[in-house]
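Since the structure comes first, as structure tokens, the remarks are kept for the end.
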Amino acid sequence: MSTRCTRALDSLGDPRALAGLRPHLETCAECRAVVEAHARLREVRAAPLDPGAARRIREVARAELAASPRARPWWHGALVLSGVAFGVGAAGALLTSRANLASTARQIGVAAPLVGSIISGCWAALSPVGRRWGTVALAAALVAAAAVVAGGSGLSPDWCGGYWEAGLRCSRAVVTYSLPPAATALFLQRGAAFSLPRALAAGLCAGAAGALALHPHCAVGQPSHLVPFHLLPWFAVAAALPLIARRLAPRSFAP
Amino acid sequence: MERLRDGDAHAFETLFDRHAGSLHRFLCRRVDDAALAEDLTQETFLSIIRARGRYLLGRSFRGWLYAIASNAARHHLRAHRREGARLREVAASSRAAAGGEGASVDERAVRDALALLPDAQREVIVLHTYEGMTFAQIADVLGISGVTARVRGHRAYRRLRELLADIEEER
């Protein structure tokens, strides 16, 4: 589309502006088609709202307003989701056996980006401007994933347990711990129209909570264990959430 | 809107009186079915009430309203598309939609051509032509970039012209 084509498109419905573009319209068949189509659309009328239907809609809406006179701000849901995600992460980290032999500083170095991923994910999952925050949540999750691999979740390079046995145990733990925040996110997201960036952010947040809960009690620090059995389930949870959220009927179609 | 957030019923009445008629006309053209448009108008106002805590102060209320209505229409059209048979039912009922019976041959041709447009293109030109929104406003309503809105609009008008030519040739 040339600059003149863009100007013609922006001038639709403004006869004076279009008159100024006549030389371009005479030579550009595409723009002539656009102008003609726009003019023809004026022929379509729309039925007015039936007074009976208007009355019915007004009554239903009034009843809804009377049933919930106070509105909660959107960030209230984000706080609830953060509470559940951190609750799960903290419960996993504090209440289960601690097999991660890495230094405290190193463990904090891995846990901090996971906490950042949870916070940004919760915010992006429920923010009305989720698209912008979705990018932030994805970046935070990638940083946290890199920290998990680089920092390791244990100090047992000579691990001699079963590869699959240990791996499946960790995968199961990530998915299980991520279920409460995932369910909470799905419930809260029904308050708005489906949005892929928001649903993905919710999945990343739930998966990060699972990874945070698992982190202190995994004794296998090799990347060959961490990538398939820590990160893959985390991102699988993130990918599954949009698929589920898309199928749920929303309570509201607000952005 | 600020007053509605605090549960002020009078604020709701004002918003309803101001926007219900134009919103219904928009939805009529968007889904080409007067009965479905009434349901979606109700769905939109219920959404406003249920999600009023999501409204960001300083944002255009009209933009927010049309964003909700567009989401509701898209959701329902997708559900109808999934249901194959239901789609045909909607298409049939659309013939008898808003003013359908008294429509001129030209109006019917335009309405049929509009119905054949891909949904994403159709929503852009309905907002642009009938609601008088600029492409920047449309981008804000649909949560897409201004360039995408403009490209969709350009393609939609061009495709509409082709469809109209085909329909009129068949007649």
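Which chain is which? The protein sequence lines are Y and X, in order.
Residues in the first sequence are numbered from 1 upward in steps of one, following our numbering.
Residues in the second sequence are numbered from 1001 upward in steps of one, following our numbering.
Backbone N, C-alpha and C fix where the C-beta goes; we use that ideal spot for every residue, glycine too.
Between H1024 of chain X and A193 of chain Y, the C-beta gap is not smaller than 8 Å, which leaves the two residues out of contact. Within 7 Å of the CB of S1047 of chain X, the CB atoms of chain Y belong to S252, F253, A254, in sequence order along the chain.
Collapsing the DSSP output to three states places D1006 of chain X in coil. Counted as a single uninterrupted DSSP element, the stretch harbouring D50 of chain Y is not any alpha helix (DSSP H), since DSSP gives it neither H nor E. By the CB criterion at 8 Å, P181 of chain Y and C218 of chain Y fall outside the cutoff. Around the beta-carbon of A66 of chain Y, fewer than 16 other beta-carbon atoms lie within 10 Å, marking it exposed. If you ignore the 5 residues before and after A254 of chain Y, its C-beta comes within less than 7 Å of the C-beta of A192, A193, all in its own chain and listed in chain order. Minimum Cα-Cα distance from A1165 of chain X among the listed residues Y:V110, Y:R16, Y:L138, Y:E36 corresponds to Y:E36. Using a Cβ-Cβ cut-off of 9 Å, R72 of chain Y is close to G1053 of chain X, given in chain order. For D1033 of chain X, no CB of chain Y lies under 8 Å from its own CB, so it is not counted at the interface with that chain. Nearest CB-CB separation between E64 of chain Y and chain X: below the 8 Å threshold. Secondary structure at T184 of chain Y: helix, using DSSP grouped into helix, strand and coil. By the criterion of at least three beta-carbon pairs nearer than 8 Å, the segment 59 to 73 of chain Y is in contact with the segment 1045 to 1059 of chain X.
Taken in chain order, the members of the segment 126 to 140 of chain Y whose beta-carbon sits within less than 7 Å of a beta-carbon on chain X are P128, R131. By the Cβ test, the segment 1011 to 1024 of chain X is not in contact with the segment 226 to 233 of chain Y, since fewer than three Cβ pairs between them sit closer than 8 Å.
A check of alpha carbon separations from A29 of chain Y across X:L1077, X:Y1157, X:A1069, X:E1170 identifies X:Y1157 as the nearest.
Counting only unbroken stretches of 4 or more residues, the alpha helix (DSSP H) elements lying wholly within the segment 1108 to 1165 of chain X are 1119 to 1129, 1135 to 1142, in sequence order. Put simply, of X:D1017, X:P1118, X:I1068 the residue whose alpha carbon is nearest the alpha carbon of L1163 of chain X is X:P1118. Contact annotation: in the segment 204 to 224 of chain Y, no residue has its CB less than 9 Å from a CB in chain X. Here the segment 131 to 144 of chain Y lies against the segment 193 to 202 of chain Y, with 3 or more beta-carbon pairs under 8 Å apart. One alpha carbon belongs to A213 of chain Y, the other to R1081 of chain X, and they sit about 42 Å apart. Against chain Y, a Cβ distance below 7 Å from V1110 of chain X picks out R40, L41, E43, V44. The three-state secondary structure of Q222 of chain Y, taken from DSSP, is coil. Excluding the 5 residues flanking it on each side, R132 of chain Y has no same chain C-beta neighbour closer than 7 Å. Q1042 of chain X reaches chain Y at A53, R56, I57, V60, A61, counting residues in chain order whose Cβ is nearer than 9 Å.
Exclusion of the five residues before and after E1002 of chain X leaves L1057 as the residues of its chain whose Cβ lies within less than 7 Å of its Cβ. Here P255 of chain Y carries a coil assignment [DSSP, helix/strand/coil]. With a cutoff of 8 Å on beta-carbon distance, T6 of chain Y and R1150 of chain X are scored as near each other. Chain X has a Cβ within less than 8 Å of the Cβ of L49 of chain Y.
Around the C-beta of I108 of chain Y, fewer than 16 other C-beta atoms lie within 10 Å, and the residue is accordingly described as exposed.
Taking the C-beta atoms as reference points, A53 of chain Y is found no nearer than 8 Å to C1028 of chain X.
Interface residue (Cβ-Cβ distance to chain Y less than 8 Å): E1038 of chain X is classified as such.
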